[in-house]
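Engineer:
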Amino acid sequence: MFPRTLATAACSLGLLMTGCAFVGDHVTSQQAQLDPASLDAGAALRSAAVDAQWPDVQWWRAYHDPQLDSWVQAALSGSPTLELASARVREARAMASAANAALDPQVNGNLSLQRKHWPSNAYYGPGAFDNTETWNNTGTLGLTYELDLWGRNKNSALSALDIAHERAIDERAAALELEVNVVRTYVDLSARFATLNIEKDTLERQRELTSLADRRLKAGLGTQLDLSQAEAPLPDYERRVDATSEQISLDRNQLATLAGKGPGAGDAIREPQLDLVATFGLPSHLPAELIGHRPDVVAARWAVAATARDIDVAKADFYPNIDLLATVGAFAAGGPLTLLLHAGNGGWTAGPALSLPIFDGGRLRAQLGAASAEYDEAVALYNQTIVTALGEIADQVVRLRSLNTQETEAQRYLQNAGTTFRLSEAAYRRGLTDYVNVLIAQTRLLDAQQDVVNVHAEELSAYASLVASLGGGLAEPGDGATASEMQPAIGSKRAAQIKAKAESRPDSHS
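Quick note, the sequence shown lines up with residues 22 to 531 if you use our numbering.
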């Protein structure tokens, strides 16, 4: 009789499981992951690919400025932004450990010691314990172990671990962003100092020319107009010196803020001595290898992997949940406290416990649909991150090439403007021309000098942007989720759909 009952229960359970699985298969994901190698790198990237190395983790040392090195290190060790990212990593790892604990047996103990006074006139009249006091004690030790036949707890733990990996990569991305911000601010500070030196030289030169115009007027060789024209630019040049000095102070404050220090820490920053020594070039297998070197791309891969596991968790909810339960304990009502320890008062229970969703109003299907949609969102974000990353690299390559050409042209303009100013100044000193020509030549010289400073600063900043677009050396190919980890294991039908959709994607090379 008992075997027949057991067989009937097993068949019923199998039918219920089949029904549950059928319900879950109606929900599928729609997004296909983008293959970076399928993207057309473009002429700019192809021409720049010289099989160069990926950026070094301390890429800023290419600027050869010890003061910059110290400020980047100070920012990495003292920035509240990185401390926040680090705290999020620790939180995610703790949650992953908590999720992983569900895979192990759970043991709980319970002890209850109660002293009871029995009334002399109870509801049913006097009893055996009339007007006495006794102990009512219970001690149990319980074990619970979920078999996890469908991988629900395992996939939940893997999802939490993937999120922890994502947070760790996010911390690296935050570090890279901080490094780039420090370098850009430092480059801006360098340009401000160069501008200040130019403006001070221009102001001093203008004062000398004003003094010369005054002497020529007193000697009867010049006019009041010449003196007035020489004096006119002085207030503006003095204003420029003050404005640039203000910007230098602001950049110093910004560096101190990035490093997590007070404004006073930036007061001691000296004039930067940047000397960028770096070969411009890109890795030859850029699109294909990009997924392993950009922190944001690696983080997006872990996000896809986590949501893939969430689909498996939601799918497992359709199946029966089987727990193994066991309890051993002692029970004693009445008698002394030590009665709980007597062998005859012990007892135990053991056996399986099964729970099965039969009707839930569509809740499980809705949960699976939501998990599938979140997976599609993660894949779409991953695809967009790859496209954006490749576009950023191309932008910086185009920008660096243009700035290199602009710097050459700016240097030629500066050389011509310098020659024109020297000739006009010499002619004015000999009385061969009026002061208007000197003023025009000096204005052009000032513009040319500022152009050289600006273009050079933009070139230094563009190098930092290129390094950032290549990942800054903060991620390695082994840091990311594998292709299999980025696919939920919810049936061959869905996998075939994703594969077919990926193969039908238009080839961007054509």
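Ideal Cβ placement from N, Cα and C applies to all residues, glycine included.
W323: which of G501, V128, R109 and L481 sits nearest, CA to CA?
Structural biologist: G501
Engineer: Check the C-beta distance from L435 over to V473 and give it rounded, since I have them as a contact under 8 Å.
Structural biologist: 5 Å
Engineer: Looking at the secondary structure, which residues open and close the beta strand (DSSP E) in which F159 lies?
Structural biologist: Going by the sequence as given, residue 159 is Thr instead of Phe. E154 to E167 is the extent of the beta strand (DSSP E) around T159.
Engineer: Give me, in chain order, the residues of the same chain whose beta-carbon lies closer than 6 Å to that of L132; leave out the 5 immediate sequence neighbours on both sides.
Structural biologist: G160
Engineer: Compare the C-alpha of D77 against each of P126, E200 and W171 and name the closest.
Structural biologist: E200
Engineer: Using a Cβ-Cβ cut-off of 8 Å (strictly less than) and excluding sequence neighbours within five positions of E428, which residues of its own chain qualify?
Structural biologist: The answer, listed in chain order, is V473, V476, H477 and E480.
Engineer: Pull up the distance between the alpha-carbon of E446 and that of P316, whole angstroms please.
Structural biologist: 56 Å
Engineer: State the beta-bridge partners of P373 as determined by DSSP.
Structural biologist: L345
Engineer: Please determine if the region 502–510 and the region 241–253 are in contact, where contact requires at least 3 C-beta pairs separated by less than 8 Å.
Structural biologist: no
Engineer: Would you tell me roughly how many angstroms separate the C-alpha atoms of S423 and Q432, rounded to the nearest one?
Structural biologist: Approximately 14 Å, taken between the alpha carbons.
Engineer: For a quick check, are the C-beta atoms of L375 and N342 less than 9 Å apart?
Structural biologist: yes
Engineer: Any chance you could list the alpha helix (DSSP H) runs of at least 4 consecutive residues sitting entirely within the region 239–273, in chain order?
Structural biologist: 245–252
Engineer: At which residues does the alpha helix (DSSP H) containing G390 begin and terminate?
Structural biologist: R384 to R450
Engineer: Skipping 5 residues on each side, what residues in its chain have a beta carbon closer than 8 Å to that of F43?
Structural biologist: A caution first: F43 carries a pLDDT of 48, below 50, which makes its placement in the model unreliable, though a value can still be read off. Result list for F43: empty, nothing under 8 Å.
Engineer: CA-CA distance, D333 and A178?
Structural biologist: 11 Å
Engineer: Determine whether the beta carbon atoms of G279 and W92 lie at a separation below 9 Å.
Structural biologist: Rather than Gly, the amino acid found at residue 279 in this sequence is Leu. Yes, the pair counts as a contact, with Cβ atoms nearer than the cut-off.
Engineer: Between which residues of its own chain and A212 is the CB-CB distance below 8 Å, once the five residues before and five after are set aside?
Structural biologist: Correct list, in chain order: V474, N475, H477 and A478.
Engineer: Should D209 go down as buried or exposed, given a rule of 16 or more other Cβ atoms within 10 Å for buried?
Structural biologist: buried
Engineer: How many Å lie between D191 and L105 at the Cα?
Structural biologist: 11 Å
Engineer: Does the distance from the C-beta atom of L168 to that of L411 stay below 9 Å?
Structural biologist: Contact flag unset, no.
Engineer: Please report the Cβ distance between P126 and L164, rounded to the nearest whole angstrom; I am assuming they are in contact, meaning their Cβ atoms lie under 8 Å.
Structural biologist: Contact flag correct, Cβ pair sits at about 6 Å.
Engineer: What's the C-alpha gap between E187 and V319?
Structural biologist: 8 Å
Engineer: Do G492 and H314 have their C-beta atoms closer together than 9 Å?
Structural biologist: yes
Engineer: Considering just the uninterrupted stretch of the beta strand (DSSP E) at R616, what are its terminal residues?
Structural biologist: Summary: the structure shown does not reach residue 616, with the chain confined to residues 22 through 531, and so no result is reported for it.
Engineer: Name the one or two DSSP bridge partners that G368 has.
Structural biologist: The partner list for G368 (beta bridge, DSSP) reads G350.
Engineer: When the Cα atoms are used, what is the spatial distance from G439 to Q470?
Structural biologist: 9 Å
Engineer: Applying the 10 Å Cβ sphere with the 16-neighbour rule, what's the burial state of R451?
Structural biologist: exposed
Engineer: Within 10 Å of its beta-carbon, does K336 have 16 or more other beta-carbons around it, so buried, or fewer, so exposed?
Structural biologist: Counting C-beta atoms within 10 angstroms of its own C-beta, K336 has 16 or more neighbours from the protein chains shown and is therefore classed as buried.
Engineer: In whole angstroms, what separates the C-alpha of D296 from that of L89?
Structural biologist: 11 Å
Engineer: Less than 9 Å between the beta carbons of E198 and L224, yes or no?
Structural biologist: no
Engineer: Suppose you measure from the CA of T370 to the CA of A189; what does that come to, to the nearest Å?
Structural biologist: Just so you know, the alpha carbons of T370 and A189 end up roughly 45 Å apart.
Engineer: Between E220 and R261, which are expected to be in contact by the criterion C-beta below 8 Å, what is the C-beta distance as a whole number of angstroms?
Structural biologist: 5 Å
Engineer: Check for me: the alpha helix (DSSP H) holding G493 runs from which residue to which?
Structural biologist: Per DSSP, G493 belongs to no alpha helix (DSSP H) and is neither H nor E.
Engineer: Apart from the five residues on each side of it in sequence, which residues of its chain come closer than 8 Å, Cβ to Cβ, to L421?
Structural biologist: Result list for L421: F301, E480, A483, Y484 and L487, in chain order.
Engineer: How big is the Cα-Cα spacing for A391 and T216?
Structural biologist: 57 Å
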